[in-house]
Structure formats: C-alpha cells, structure tokens
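For the sequence shown, the positions run 2 to 238 when the numbering used here is used.
Glycine included, C-beta positions come from ideal geometry on N, C-alpha and C.
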Amino acid sequence: MSTESAALYLTAASIGFFHTLLGPDHYLPFIVISKARKWPLWKTNLITFLCGIGHVGSSILIGFIGIFLGIAVNKLTPIEASRGSVAAWLMIAFGLVYFIWGLRKAIKQKEHVHEHVHSDGTMHVHKHSHFKEHSHVHQKKNIKELTPWILFTIFIFGPCEPFIPILLYPAAQNNVMSVVLVTLIFSLTTVGTMMLVVTASTLGFKFMPKLNLERFMHAIAGATIFLCGFSIEFLGL
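Right under this line is the structure:
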C-alpha cells in the first residue's frame with residue numbers, strides 16, 4: 002500500500018468518524034425515540050444501522066452516478082446541499098408533529114383523583130387517567146410502526162457531504178480498488194460511529210438519576226428532533 006493510499010483511507014475513516022460525531026442529528030433522534038418508546042437495545046441498534054445504511058447509501062449512489070457520468074465535484078455539491086435541506090425540513094416537521102402529539106399525550110396521561118361515595122356511606126378514592134382508558138390500541142400501534150419508517154426516510158435524504166470529494170479523488174485516477182475501499186471505510190466508520198454513540202448513550206441512561214419525566218419523554222423526543230432539524234437548516238450544523 003502506497004503512502005498516498007494509506008493517507009486517503011485514513012482521511013476517509015477520520016472524516017466519517019468526526020462528521021458523524023460532530024453531527025448530533027446522526028444519533029440524537031435514535032437516542033430520544035428509543036428512550037420514549039422504551040425500545041430494547043437490539044431494536045435501537047437495528048433501526049440505527051438501517052438508517053445509517055440508507056444515509057450513506059444514498060450518497061454512495063449519487064457519487065457513483067457522478068463517476069459514471071463524469072460529473073465534477075462542484076456540480077454534485079449543490080445536489081447534496083439540496084438533499085440536506087429536504088432532510089432538515091423533514092426532521093423539523095416530524096419533530097414538531099411528534100412534540101405536539103407527545104405533549105397532548107402527556108397532558109391526557111396526567112392522573113387525577115376521583116372520589117366515590119357508596120350507599121353505606123363509605124368513600125374511597127382512586128387515581129384516574131383518561132388517556133389510558135380511552136386511547137385506541139390500533140392508533141397507538143400505527144404511530145409506533147410509522148416512527149422507524151419516518152426516520153429511515155429522513156436519513157435517506159440526509160447527505161454525507163464530505164464523502165463525494167473523497168470518492169471522486171481515486172475515481173479521477175481510475176483506481177477502482179481505492180474507490181471500493183474508500184466507500185467501505187467511510188460507510189463502516191459512519192454507521193459504526195452512529196451505533197457506538199447510540200449504544201453508549203442508551204446504556205448511560207441507566208446510570209442517570211431517576212427524574213419524574215416519563216410521561217413527557219415523547220414531547221422531549223419531538224422537541225429534540227425539531228431542534229436537530231432547525232440546527233441543520235438555520236445554524237449550518
């Protein structure tokens with residue numbers, strides 16, 4: 002392996018790692034949704050993995066189309082930028098809707114006291130939640146089933162901006178092996194970093210002090226996803 006090739010592969014791994022680590026939108030949605038939905042760790046990692054594959058896969062497809070058609074980097078960059086804007090707005094919309102739904106659920110889940118007086122004069126008190134008694138099972142099931150698909154759709158639109166220039170460099174030299182290795186290294190590093198951060202954060206929740214925020218977790222998850230999308234679109238993160 003030449004020094005130039007080694008430097009290229011190291012660059013692909015480094016950019017994949019730091020691009021993911023410094024982009025909270027790559028892992029925060031999975032962390033907060035997992036906490037709110039009470040997903041087991043294996044399910045959280047599976048959804049993270051699939052979304053990660055969709056995330057890098059879409060950029061790989063665009064990159065390979067660019068190679069095949071001989072399109073320059075400066076012509077592919079606007080395409081990736083427009084995809085990033087679409088992903089950001091999808092995340093904003095999903096986060097806002099999820100926040101409103103979660104807040105409504107939290108309000109309806111609040112327990113209140115009912116007093117009952119019997120014919121013999123005895124009285125008893127019990128706690129009561131309208132949400133639990135009147136929610137429809139099939140509606141809750143639909144929401145649970147749609148969430149992973151919505152996340153997957155958002156991450157397909159989410160571009161890996163640094164990947165295209167790295168990919169087109171060995172392609173310009175007609176080095177097929179380097180193209181394949183750069184693609185594999187960048188993809189594995191990106192998806193692996195996503196899963197590593199999600200796993201560490203999910204396990205870390207177990208060591209945090211217990212807060213009485215259980216019924217607000219869906220609203221918190223929605224607000225977090227909304228802020229991720231907002232940060233991408235308006236703060237350039």
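Whose C-beta lies closer than 8 Å to the C-beta of P166 among residues of the same chain, with five residues either side of it excluded?
-> Same-chain partners within the cutoff: V74.
Looking at C-alpha atoms only, which residue of M178, G230, R216 and M195 is the closest neighbour of S3?
-> Comparing Cα-Cα distances from S3 to each of M178, G230, R216 and M195, the minimum goes to M178.
Can you tell me whether DSSP reads K109 as helix, strand or coil?
-> K109 falls in the helix class under three-state DSSP.
Does the separation of the CB atoms of A107 and R38 fall below 8 Å?
-> Going by C-beta atoms, A107 is not nearer than 8 Å to R38.
Unbroken alpha helix (DSSP H) run spanning S179, endpoints | Counting along the chain, the alpha helix (DSSP H) containing S179 begins and ends at V177 to G205.
Just how far apart, CA to CA, sit F164 and R84?
-> Taking the straight line joining both Cα atoms gives about 14 Å.
Same chain, Cβ closer than 7 Å to P171, neighbours up to 5 away in sequence not counted | Excluding positions up to five away in sequence, the list reads L9, S179, V180 and V183.
Verify whether the separation of the beta carbon atoms of V57 and S188 is less than 8 Å.
-> For the 8 Å CB-CB criterion, V57 and S188 form a contact.
6 Å Cβ shell around G64 - same chain, five flanking residues per side excluded = In the same chain as G64, and ignoring 5 residues on each side of it, the C-beta atoms closer than 6 Å to its own belong to I165 and L168, in chain order.
Straight-line gap, T191 to T21 (C-alpha atoms, nearest Å) = Going by the C-alpha atoms only, they are around 6 Å apart.
Pairing CB atoms from the stretch 221 to 235 with CB atoms from the stretch 43 to 57, are three or more of them under 8 Å?
-> Judged by Cβ distances under 8 Å, the stretch 221 to 235 makes no contact with the stretch 43 to 57, as fewer than three pairs qualify.
How about P160 and E81: do their beta carbons lie closer than 8 Å?
-> The answer is yes: Cβ separation under 8 Å.
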